[in-house]
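A short write-up of the structure that comes next.
In my numbering, the protein residues as written are 570 to 693.
Below, the structure written as structure tokens:
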């Protein structure tokens with residue numbers, strides 16, 4: 570396994586991101602530190618990948634791999650094989666490609682991701 574190394578001391582705010590993506594009910598704020606891209610994913614109540622981000626990327630299911638940490642809200646993920654998991658505030662998560670997801674209840678979901686931020690919700 571190769572070690573991850575950093576070449577410079579850097580700090581950036583998600584409140585002033587390098588890039589913003591705004592599909593319906595979706596806010597993706599992206600910052601890049603060296604060779605690493607991180608994302609803050611904010612999904613409003615009523616958000617569902619197949620009704621929001623799908624309209625931008627035009628795939629049948631989400632084809633991104635995700636590794637992140639949920640700081641607010643609840644997200645349910647269902648894989649193409651029918652397996653599912655619910656992610657709550659305080660949970661770390663990994664989600665392979667080939668899934669749909671939706672926000673549960675009336676609380677906004679906020680997750681910070683260290684995978685997929687470079688490409689998630691970018692138009693196809």
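Quick reminder that beta carbons are idealized off the backbone N, C-alpha and C, glycines included.
Worksheet item: What residue ranges within the region 589 to 644 form continuous alpha helix (DSSP H) runs of no fewer than 4 residues, ordered along the chain?
Response: Qualifying alpha helix (DSSP H) stretches, in chain order: 623 to 626.
Worksheet entry | Contact set for residue 647: own chain, Cβ-Cβ below 7 angstroms, skip 5 residues either direction | Position 78 of the chain shown, counting from 1, holds the residue named residue 647. Take residue 647, set aside five residues on each side of it, and the residues of its chain with a beta-carbon closer than 7 angstroms to its own are 653, 668, 669, in chain order.
Discussion item. Quick check: does the Cβ of residue 620 come within less than 8 angstroms of any heavy atom belonging to the ligand NAD?
Written reply: Questions concerning the ligand NAD fall outside what the structure shown contains, since it holds no ligand whatsoever.
Fill in: Same chain, Cβ closer than 6 angstroms to residue 678, neighbours up to 5 away in sequence not counted
Here residue 678 is taken as the residue at index 109 of the chain shown, counted from 1. Setting aside the 5 residues that flank it on each side, residue 678 is surrounded in the same chain by 612, 642, 644, 672, each with a C-beta closer than 6 angstroms to its C-beta; the list follows chain order.
Discussion item. Just to confirm, is the Cβ distance from residue 599 to residue 666 under 9 angstroms?
Written reply: Working through the chain shown from its first residue, we reach residue 599 at position 30. Working through the chain shown from its first residue, we reach residue 666 at position 97. With contacts defined as CB atoms closer than 9 angstroms, residue 599 and residue 666 fail to qualify as a contacting pair.
Worksheet entry | Cross-strand partners of residue 669 (DSSP beta bridge) | For the purposes of this step, residue 669 is identified with residue 100 of the chain shown, where counting begins at 1. As a beta-bridge residue in DSSP terms, residue 669 pairs with 647.
Item to complete: Mind checking who residue 680 pairs with in its DSSP beta bridge?
Response: Your numbering for residue 680 matches position 111 in the chain shown. In the DSSP assignment, the residues bridged to residue 680 are 610, 639.
Worksheet entry | residue 662 - containing beta strand (DSSP E), residue span | As a position in the chain shown, residue 662 is number 93, starting the count at 1. Counting along the chain, residue 662 sits inside the beta strand (DSSP E) bounded by residues 661 to 664.
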